[in-house]
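**Student:** Position 58 of the sequence shown, counted from 1, bears residue number 57 in numbering that gives the first Met the number 0, the numbering being contiguous throughout.
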Amino acid sequence: MSSIRFDGVRFAAYTMDHEPRHVHGFYADVEVIVDLRPDGKVSLANRTDAIRPSTGSKSDVRHVLTTAARNFDELVSLWEKHHG
0 MSSIRFDGVR
10 FAAYTMDHEP
20 RHVHGFYADV
30 EVIVDLRPDG
40 KVSLANRTDA
50 IRPSTGSKSD
60 VRHVLTTAAR
70 NFDELVSLWE
80 KHHG
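#1: Kindly identify the DSSP beta-bridge partner or partners of Arg51.
#2: Pick helix, strand or coil for Ala68, following the three-state DSSP scheme.
#3: Skipping 5 residues on each side, what residues in its chain have a beta carbon closer than 7 Å to that of Ser42?
#4: Would the beta-carbon of Ile3 fall within 9 Å of that of Leu74?
#5: Assign Glu18 to one of two classes, buried (16 or more other C-beta atoms within 10 Å of its C-beta) or exposed (fewer than that).
#6: Suppose contacts are defined by Cβ-Cβ distances below 9 Å. Is Ala44 in contact with His62 by that definition?
#7: Is DSSP giving Arg9 helix, strand or coil here?
#8: Quick check on DSSP: helix, strand or coil for His62?
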């Protein structure tokens, strides 16, 4: 696992993780799985556990997604460090 921090959010990419390209964002009491889309945008992962806990604050989730969008290239590099 490798991680990087921006604006209070720790983003992690796990070595044994799967496609699609994504990172895990940790902020306050929430974990958000963020897809790094081929079109250069980010989105909340399309899975039932994309926000953990599911009762996580909407503003915290929004902060993670906004921070991921602002640092897209760095997050792609973090993913590609392990997945090519």
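Where a beta carbon is used, it is the ideal one built from N, C-alpha and C, also for glycine.
**Tutor:** According to the structure shown:
#1: Paired residue(s): Glu30.
#2: Ala68 falls in the helix class under three-state DSSP.
#3: When the five nearest sequence neighbours on each side are left out, the beta carbons in the same chain lying within less than 7 Å of the beta carbon of Ser42 are those of Asp34, Arg36, in order along the chain.
#4: For Ile3 and Leu74, yes; Cβs fall inside 9 Å.
#5: By the Cβ-count criterion, Glu18 is exposed, with fewer than 16 other Cβ atoms from all chains shown falling within 10 Å of its own Cβ.
#6: No; because the gap between Cβ atoms is not below 9 Å, this pair is not in contact.
#7: DSSP places Arg9 in strand when its eight states are reduced to three.
#8: If DSSP states are grouped into helix, strand and coil, His62 belongs with the helices.
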